[in-house]
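Chains as they are written, first to last, in our numbering: chain P, 46 to 287; chain A, 46 to 287; chain S, 46 to 287; chain E, 46 to 287; chain D, 46 to 287; chain F, 46 to 287. Step one of this worksheet: look at the structure below.
Number of protein chains: 6
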Amino acid sequence: MLIRVINPNTTEFMTRLIGRSARLAAGPGTRVEAVTPAMGPASIESHYDEALSVPGILREIAAGEADGAAGYVIACFGDPGVDAAREVATGPVLGIAEAAMRAAATLGRAFSVVTTLERTRGRAWELVDRYGLRSVCRGVRACEIAVLELEADPSAPARILAECRAARDHDGADVIVLGCAGMADLCTSLSADLEIPVIDGVSVATAMVAGLAGLGLRTSGRGEYAPPPAKPYTGPLRTFAV
Amino acid sequence: MLIRVINPNTTEFMTRLIGRSARLAAGPGTRVEAVTPAMGPASIESHYDEALSVPGILREIAAGEADGAAGYVIACFGDPGVDAAREVATGPVLGIAEAAMRAAATLGRAFSVVTTLERTRGRAWELVDRYGLRSVCRGVRACEIAVLELEADPSAPARILAECRAARDHDGADVIVLGCAGMADLCTSLSADLEIPVIDGVSVATAMVAGLAGLGLRTSGRGEYAPPPAKPYTGPLRTFAV
Amino acid sequence: MLIRVINPNTTEFMTRLIGRSARLAAGPGTRVEAVTPAMGPASIESHYDEALSVPGILREIAAGEADGAAGYVIACFGDPGVDAAREVATGPVLGIAEAAMRAAATLGRAFSVVTTLERTRGRAWELVDRYGLRSVCRGVRACEIAVLELEADPSAPARILAECRAARDHDGADVIVLGCAGMADLCTSLSADLEIPVIDGVSVATAMVAGLAGLGLRTSGRGEYAPPPAKPYTGPLRTFAV
Amino acid sequence: MLIRVINPNTTEFMTRLIGRSARLAAGPGTRVEAVTPAMGPASIESHYDEALSVPGILREIAAGEADGAAGYVIACFGDPGVDAAREVATGPVLGIAEAAMRAAATLGRAFSVVTTLERTRGRAWELVDRYGLRSVCRGVRACEIAVLELEADPSAPARILAECRAARDHDGADVIVLGCAGMADLCTSLSADLEIPVIDGVSVATAMVAGLAGLGLRTSGRGEYAPPPAKPYTGPLRTFAV
Amino acid sequence: MLIRVINPNTTEFMTRLIGRSARLAAGPGTRVEAVTPAMGPASIESHYDEALSVPGILREIAAGEADGAAGYVIACFGDPGVDAAREVATGPVLGIAEAAMRAAATLGRAFSVVTTLERTRGRAWELVDRYGLRSVCRGVRACEIAVLELEADPSAPARILAECRAARDHDGADVIVLGCAGMADLCTSLSADLEIPVIDGVSVATAMVAGLAGLGLRTSGRGEYAPPPAKPYTGPLRTFAV
Amino acid sequence: MLIRVINPNTTEFMTRLIGRSARLAAGPGTRVEAVTPAMGPASIESHYDEALSVPGILREIAAGEADGAAGYVIACFGDPGVDAAREVATGPVLGIAEAAMRAAATLGRAFSVVTTLERTRGRAWELVDRYGLRSVCRGVRACEIAVLELEADPSAPARILAECRAARDHDGADVIVLGCAGMADLCTSLSADLEIPVIDGVSVATAMVAGLAGLGLRTSGRGEYAPPPAKPYTGPLRTFAV
């Protein structure tokens with residue numbers, strides 16, 4: 046069984062980090078392919094970046110379909126392009142925010158998200174509402190570290206831990222959701238420090254897609270997720286015609 | 046890894062049916078133990094039945110903790126006792142309604158529940174709201190077959206199929222959620238007939254608990270799911286003192 | 046007219062306290078019987094305690110039906126077992142949280158709940174949502190006094206008053222709802238000190254049940270509150286078969 | 046104890062009808078005074094009528110304060126002027142829609158409103174939302190009988206019964222709320238015919254105001270219901286200066 | 046094209062201020078008539094004031110209909126009488142809270158209201174909910190300046206600016222909505238100081254009514270906004286019979 | 046003042062149709078430029094189409110900024126790319142669904158949307174929720190005519206009228222919102238036939254953007270709509286680097 050894990054930005058070292066988390070989460074007998082799109086932004090920190098990441102994601106879904114992928118993970122916490130991806134994918138497609146927040150709601154009664162930049166908090170709340178979890182979410186906290194500095198900045202782990210602690214002690218969160226795929230490798234140590242569950246969306250999404258696909262479940266091919274009607278596409282996007 | 050799947054009613058053949066579904070869903074290396082409580086109702090078809098199923102469920106959680114269970118499935122669509130169970134369980138605890146409805150929300154944009162008796166529809170809607178899925182749920186349909194007649198009544202499969210079809214064609218559901226653990230063995234044939242995903246909560250809950258527990262995730266031990274304060278219990282329930 | 050007021054825990058002095066409040070609230074011509082269940086926890090401070098209080102409550106409803114009770118009050122702020130009780134009771138059944146919070150919404154525009162332990166706050170919010178009062182409720186504050194220490198701890202009244210004052214002055218509450226039956230006897234003095242209405246659920250629930258029953262209103266016997274289907278019950282709960 | 050029941054329209058025979066229901070609902074020792082405003086519309090069937098009924102209602106509240114009234118019922122299903130009335134009243138003030146709908150939510154899981162004209166349905170839904178009862182309300186049905194024809198039209202009882210039956214059988218309502226004070230005298234016979242609770246807001250509001258006032262509870266004098274700031278009023282309304 | 050801008054209170058200098066803002070907002074070819082009702086309160090600072098402002102507003106709508114007005118602005122932030130006004134007006138009717146808050150939701154993701162007295166905050170939140178904007182509104186802040194002192198009190202501009210700044214910096218508002226028609230002339234300087242959009246409802250409502258009316262759009266004459274049924278009115282309000 | 050009206054698909058005749066509506070709506074002194082993107086789908090009928098229309102829209106916003114445009118209309122009923130566009134635009138940006146639905150909520154109490162294909166209904170409901178209008182929207186009806194056939198198919202006007210009539214008579218809509226920019230030229234005749242307001246989003250959005258921009262209001266440059274952080278873009282999208 047092949048699961049394609051798509052890093053929606055074009056930065057290779059994030060793809061490697063994401064691939065590592067996903068592979069640990071996939072059970073034996075599941076192959077994980079972590080891929081980097083051929084077009085799009087180096088990181089996703091605005092609605093603009095997010096919108097422009099979607100064409101590259103959709104290319105990777107198309108490639109996955111050609112390879113017979115059983116399911117997909119979209120590894121950015123804004124869950125970009127999930128609806129469009131589900132129209133073209135046969136198997137399940139999960140964004141990491143959806144997977145992490147839904148899982149958090151089963152492990153506690155009150156989660157908080159700890160994310161990168163203040164300006165992405167609105168999108169996180171929008172997803173909280175989309176997934177119907179407003180009454181379970183205590184807060185969305187930003188540590189004001191840019192996505193690509195999470196690896197480079199030596200102060201990052203301590204600042205993230207401080208926000209998680211504030212979420213636990215001030216917001217009353219009993220579960221933490223990490224708000225960026227680039228935080229995946231901190232998950233274990235944060236959980237040990239905080240003594241509450243800390244959820245990395247990449248792992249959880251991979252495990253859930255593997256679980257659903259393993260049961261033979263697929264994205265519905267009727268109604269809103271039916272394949273898109275065929276039609277011409279123009280300009281640099283003309284190759285997207287389905 | 047041991048997952049304890051609890052049939053909240055006291056009817057053995059339902060335990061066997063549930064155990065079969067759960068075992069198929071658990072990956073290799075995961076052991077499933079399907080158990081029947083020593084006290085409670087023969088089936089769950091009212092708030093009264095549901096309330097009286099909880100002590101038996103909590104006994105099975107306690108026994109599971111003694112055995113080192115990694116997680117639990119509560120295999121009744123009313124998700125009875127889930128909050129109390131999470132206070133005493135170390136690993137994840139999933140009710141089958143929660144698991145099935147959250148999964149349905151990722152495979153389509155509009156699910157309907159097909160359940161047994163009309164009178165349980167209110168509880169199903171209550172859970173839809175609890176899990177924040179009101180905008181995704183198109184309807185809850187009852188086929189008016191009592192829980193224990195699902196196996197015995199030869200007309201059951203056709204009547205359930207008819208309700209599923211109505212859900213798809215009249216409600217616009219693109220995914221079906223089966224509203225009773227006793228329908229688990231119909232899942233594959235219904236899905237083939239309907240050509241949309243049909244979700245059995247027992248399988249999905251088992252796969253999700255296995256997935257979460259496999260990542261080392263546990264129910265939060267802080268806040269509302271912290272262990273209950275010790276105190277005396279009286280009468281036939283005195284053995285429940287923690 | 047007989048109203049049965051059920052203390053869901055097994056502690057006799059709380060039953061006496063509750064009975065006192067209820068009797069003052071019942072008009073002339075209404076007899077109040079305050080009862081203690083024969084099984085269950087000594088106090089209710091967790092989902093676990095709450096779930097295990099329900100069988101005892103349902104026994105007391107059954108006994109009330111045998112005695113021709115006109116209505117019932119369930120005197121714990123978690124409103125345990127209310128749905129199940131309504132299936133078996135002929136007359137109205139009110140939990141004290143429902144009664145107090147609905148009344149509060151008519152006397153002001155913004156109430157806060159002052160309750161016992163932090164860990165019960167989640168259940169209080171859940172009930173706020175169940176009763177549709179999220180936009181009227183300003184907060185749920187805990188004074189961190191265990192239920193059975195409310196009487197014994199000489200510092201309790203001052204600590205409760207302090208939380209009420211904070212609710213009024215910081216949350217902007219114009220009405221206070223007491224979040225535990227054990228606080229009933231503080232109601233008058235708190236109201237005098239705070240100069241805003243302070244609501245004890247036991248009194249209000251008793252007055253409302255008396256009012257509804259006096260008008261000849263009963264719990265609906267159709268739909269979801271119809272009597273539960275008869276069936277076998279097993280083990281220590283076998284006597285609950287209806 | 047004096048309860049002032051205000052008929053918000055200027056039609057005397059409706060005042061008499063309302064007074065009869067209220068007196069039956071008030072316990073012994075409670076005096077009911079049913080009054081007709083000196084200004085306003087002959088019946089309330091639009092937002093326009095409703096807005097113009099409020100000055101007359103507020104005059105009656107002021108007169109009640111002068112008489113030492115312990116509480117008030119505003120006997121029109123649109124609950125006109127309730128917020129303004131609470132600012133000037135010392136005791137509790139209940140509109141009949143609020144009282145009836147909150148009571149319905151405790152006697153069943155699903156009520157429908159049966160009201161007069163189609164054009165008032167929007168206001169009824171608005172009140173359903175204001176009181177947080179959207180998930181309990183199954184429908185608002187109009188029988189298209191004008192308010193002042195309820196008494197005169199001999200077909201009225203049968204048409205109202207037909208709508209109630211449709212509410213029970215098609216909407217799944219297990220409780221009926223009568224959507225006009227002018228229907229009060231049909232309550233008993235409807236309930237006998239339908240075999241589910243039928244709620245007349247005048248009775249229930251009177252019983253609740255009596256119950257709350259009997260416990261010494263008053264409208265909060267702080268925050269939003271504090272007395273309005275004194276200031277000049279001009280023209281025909283100059284006598285409303287507080 | 047004539048737009049009638051109604052100052053719901055009876056204070057002339059506020060009518061002049063409102064008229065100035067409205068005239069600046071109306072495009073060329075649109076005539077603005079700012080009017081003061083002949084009855085009602087000198088300012089609106091309570092539910093009581095608001096209710097008693099409505100008859101005067103409705104007189105001004107009737108006069109506007111006689112004059113062939115193309116649309117109306119109701120220039121008080123409580124949006125008094127909007128529903129009743131729409132029943133009698135042919136053209137569009139906008140309250141300034143509705144206009145300002147809907148506009149704010151298109152210019153940013155998070156607005157706060159800065160208003161006069163603390164006691165009016167509840168009404169503002171009620172309107173936020175009525176217009177479906179709860180998830181966009183970060184707060185409603187009061188500067189505790191009475192409506193008629195906004196002009197007279199030399200400290201008013203600085204205190205309003207301070208609250209706006211707090212809304213921006215503490216609530217995270219990216220747009221400010223001014224919560225009183227009397228603040229209209231501060232709009233430009235506040236916006237310059239704060240460097241975020243500051244919205245005066247009088248201007249925006251006037252521009253929107255002009256825009257809608259210019260497209261030939263009118264208030265719907267069917268359903269809930271159909272003209273009110275004719276009937277007698279009594280007492281000082283007898284001239285309101287339609 | 047220049048308003049740039051962007052047709053998000055690449056079909057020129059739709060751009061001309063949209064331009065005509067917009068020009069009629071813009072007041073004197075406002076110049077409308079209707080543009081067709083250089084890349085993207087020929088029509089938008091799926092999440093996939095919608096996602097792939099956004100890069101082309103963002104190019105047109107960038108070009109508009111270079112030209113000093115005062116505001117923008119995005120003329121597709123899915124409101125594609127609105128958040129991203131607001132990050133890069135100085136002036137107001139309105140999607141036609143947002144403009145039409147917000148206007149509808151001021152002209153009646155109950156609107157229905159009449160749109161093209163069944164499969165786009167989910168997106169329309171999603172926008173209803175995003176704009177907080179769930180309680181005002183009675184339905185979203187599809188006439189099953191593909192976007193590009195609206196012009197060509199001679200049966201289109203009659204089928205659209207039939208759905209509008211069903212919305213008015215069965216859903217109780219008192220205002221109709223046209224769910225596709227391609228229906229703009231039917232607006233007047235539909236309104237005449239139906240005798241209720243019919244709203245074309247292109248006109249209303251243009252009038253609103255002109256109104257807001259005319260008052261000097263701009264999209265907030267703080268918080269979530271601040272300009273996106275600069276960074277590299279890769280592949281065919283590399284020219285999107287800001």
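From the three backbone atoms N, C-alpha and C, an ideal C-beta is built for every residue, glycine too. Remember, it's a predicted structure, so these values are computed and weren't measured experimentally.
Item checked: Distance, S/Cys182 Cα to S/Leu195 Cα -> 24 Å
Item checked: Endpoints, the beta strand (DSSP E) within which D/Thr151 is located -> Per DSSP, D/Thr151 belongs to no beta strand (DSSP E); it is in the alpha helix (DSSP H), Ile141 to Leu152.
Check: Beta-carbon of E/Ser157 versus every beta-carbon of chain A: anything under 8 Å?
Finding: no
Checklist line | Cβ pair S/Val127, A/Tyr93 closer than 8 Å | finding: no
Checklist line | Contact set between E/Gly167 and chain F, taken where Cβ atoms lie within less than 8 Å | finding: Arg154 and Ala155
Item checked: For P/Gly113 and P/Ala142, believed in contact at Cβ under 8 Å, the rounded distance -> With 8 Å as the limit, P/Ala142 and P/Gly113 do not qualify as a contact, their Cβ atoms being about 27 Å apart.
Next item on the list: Identify the contact partners of A/Asp230 in chain E, using a Cβ-Cβ distance below 9 Å as the criterion.
Entry: Those within 9 Å of A/Asp230 in chain E number zero; the least Cβ separation is about 30 Å.
Margin query: Is the separation between the beta-carbon of A/Val159 and that of A/Ala201 shorter than 8 Å?
Written below: no
Next item on the list: Look at the Cβ atom of A/Leu193, then the Cβ atom of A/Ser66, and state whether they are nearer than 8 Å.
Entry: no
Check: Hey, how far is the Cα of D/Pro273 from the Cα of D/Arg283?
Finding: 15 Å
Note to self: If I measure Cβ to Cβ from P/Ile106 and keep anything under 7 Å in the same chain, skipping five residues before and after, which residues do I get?
What the structure shows: Tyr117, Ala130, Val133 and Ala134
Item checked: Contact set between A/Asp174 and chain E, taken where Cβ atoms lie within less than 9 Å -> Ser180
Next item on the list: Drop a sphere of 10 angstroms on the beta-carbon of E/Asp219, count the other beta-carbons inside from all chains shown, and report buried for 16 or more, exposed for fewer.
Entry: buried
Notebook entry, point to check: Quick one: what's got a C-beta closer than 6 Å to E/Gly140's C-beta in the same chain, skipping five residues either side?
Noted result: Ile119, Asp124 and Val127
Notebook entry, point to check: Can you list the residues of chain A that S/Tyr117 reaches, using a CB-CB cut of under 9 Å?
Noted result: The premise fails here: S/Tyr117 is roughly 14 Å from chain A at the closest Cβ pair, so nothing lies under 9 Å.
Check: Who does P/Pro281 pair with in a DSSP beta bridge?
Finding: According to DSSP, which records beta bridges pairwise, P/Pro281 is partnered with nothing at all.
Notebook entry, point to check: Is there a Cβ from chain P that is less than 8 Å from the Cβ of A/Thr161?
Noted result: no
Check: Are E/Pro137 and E/Ile102 closer than 8 Å when you measure CB to CB?
Finding: no
Notebook entry, point to check: Do you know how far the Cα of S/Leu231 is from the Cα of P/Gly298?
Noted result: Because residue 298 of chain P is not part of the residues shown, which for chain P are 46 to 287, the question remains open.
Check: Below 8 Å between beta carbons: does that hold for P/Glu78 and P/Val99?
Finding: no
Next item on the list: Please state whether DSSP places F/Ala203 in a helix, a strand or coil.
Entry: helix
Notebook entry, point to check: Alpha carbon to alpha carbon, how far is P/Thr75 from P/Ala255?
Noted result: 7 Å
Next item on the list: In angstroms with no decimal places, state the Cα-to-Cα distance between F/Pro174 and P/Thr251.
Entry: For clarity, residue 174 of chain F is Asp in the given sequence; the question names Pro instead. Cα-Cα distance, rounded: 30 Å.
Check: Is it the case that the Cβ atoms of S/Ala187 and S/Leu162 are separated by a distance below 8 Å?
Finding: yes
Notebook entry, point to check: Run through DSSP, which three-state label would D/Gly123 get?
Noted result: coil
Note to self: Our contact map puts E/Ile190 next to E/Arg204 with C-beta atoms below 8 Å; I'd like the distance itself, whole angstroms only.
What the structure shows: 6 Å
Next item on the list: Closer than 8 Å by C-beta to F/Ile48: which residues in its own chain qualify, once you throw out the five before and the five after it? Chain order, please.
Entry: Ala67, Ala71, Thr75, Arg76, Val77, Glu78, Ala114, Ala115, Gly116, Tyr117, Val118, Thr251, Val254, Ala255 and Ala258
Item checked: Beta-carbon gap between F/Gly153 and D/Gly184 smaller than 8 Å -> no
Check: Which chain A residues sit within Cβ distance under 7 Å of P/Ser265?
Finding: Leu152, Gly153, Asp219, Val220, Ile241 and Pro242
Note to self: Assuming contact is defined by CB atoms lying nearer than 8 Å, are F/Ile63 and F/Ala148 in contact in what I supplied?
What the structure shows: no
Item checked: Pair within 8 Å by beta-carbon distance, F/Glu110 and F/Thr81 -> no
Checklist line | Cβ shell of D/Leu69 (< 7 Å), same chain only, five flanking positions each side left out | finding: Ser248
Check: Counting only beta-carbon atoms, is F/Gly277 nearer than 8 Å to chain P?
Finding: For clarity, residue 277 of chain F is Pro in the given sequence; the question names Gly instead. Closer than 8 Å to some Cβ of chain P, the Cβ of F/Pro277 qualifies, so yes.
Notebook entry, point to check: Name the chain F residues that come within less than 8 Å of P/Pro273, Cβ to Cβ?
Noted result: Glu90, Ser91, His92, Tyr93 and Asp94
Check: Does any CB atom of chain S fall closer than 8 Å to the CB of E/Ala148?
Finding: yes
Next item on the list: Please work out which residues of its chain come closer than 6 Å, Cβ to Cβ, to D/Arg263, disregarding the five sequence neighbours upstream and downstream, and give them in chain order.
Entry: Thr135 and Gly136
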